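Residues in the sequence shown are numbered from 0 upward in steps of one, following numbering that gives the first Met the number 0.
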Amino acid sequence: MKKNLITVAVLSIIVGLGGGYLIANTMSDSTDSHMHEETMIAESDDHSSESMTHAHEMFTVDKENAPTVSFTVEEDAKSGWNIKVVTTNFTFTPENVNGDNIAGEGHAHLYVDNVKVARLYGPYYHYDGSFDGTKTFKVTLNANDHSEYAVDGQVIQAEQQVTHIH
0 MKKNLITVAV LSIIVGLGGG YLIANTMSDS TDSHMHEETM IAESDDHSSE
50 SMTHAHEMFT VDKENAPTVS FTVEEDAKSG WNIKVVTTNF TFTPENVNGD
100 NIAGEGHAHL YVDNVKVARL YGPYYHYDGS FDGTKTFKVT LNANDHSEYA
150 VDGQVIQAEQ QVTHIH
């Protein structure tokens, strides 16, 4: 009897750990992502109207209630960069990803030099990349179906160049 209880307990732990790993692994595009609540100092524009080729469909919203996005990037004291995304008229809703679009909610995508590096389910992200020189960081706001929020055909995004010299 005691041996059966121990076996059941060990199997429960193994199944629980495996299930937890699978859930955590499917919730992120990036295995490098870490949530941090750091203070950020570099600033960016609210959104850019520059025309670029986009891999996603657009989710068009009215200008009056359109969300806005800006973000800050600060070098982390240990490694990489801490990013803080600031939005208005927008709520991060990771629980609704891949669901029906609801205006004013969704997630964000982070690009570095036009390469998508992460799907953001909240305002804080740690980018592990180390570099010398200048890189372009961009954040887009995305609806639940991953389409990019847009006003009058322009994607709602923020972009900034970050320069680092050792």
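Where a beta carbon is used, it is the ideal one built from N, C-alpha and C, also for glycine. Remember, predicted model here, so these are calculated numbers, not experimental data.
Cβ neighbours of Asp131 within its own chain (closer than 7 Å, five residues either side excluded): His163, Ile164 and His165. Around the CB of Gly105, 16 or more other CB atoms lie within 10 Å, so the residue is classed as buried. Taking the CA atoms as reference points, Thr71 sits about 25 Å from Glu63. Checking the DSSP bridge columns, you'll see His125 partnered with Asn81. Annotation for Ala157: the continuous beta strand (DSSP E) segment containing it runs Gln156 to His163. Sequence-distant partners of Thr90 (beyond 5 residues in either direction) whose C-beta falls short of 7 Å from its own C-beta, in its chain, are Gly103 and Glu104. Within the model, the alpha-carbon separation for Thr92 versus His55 is close to 19 Å.
Within a 10 Å sphere around the beta-carbon of Ile101 sit fewer than 16 other beta-carbons, which makes this residue exposed.
Nearest to Ala142 by C-alpha distance, out of Ala107, Lys77 and Thr67, is Ala107.
CA-CA distance, Val161 to Tyr148, rounds to 24 Å. Taking the Cα positions, Trp80 is about 14 Å away from Val138. Taking the Cβ atoms as the reference, Tyr126 lies roughly 7 Å from Val116, within the contact range of under 8 Å.
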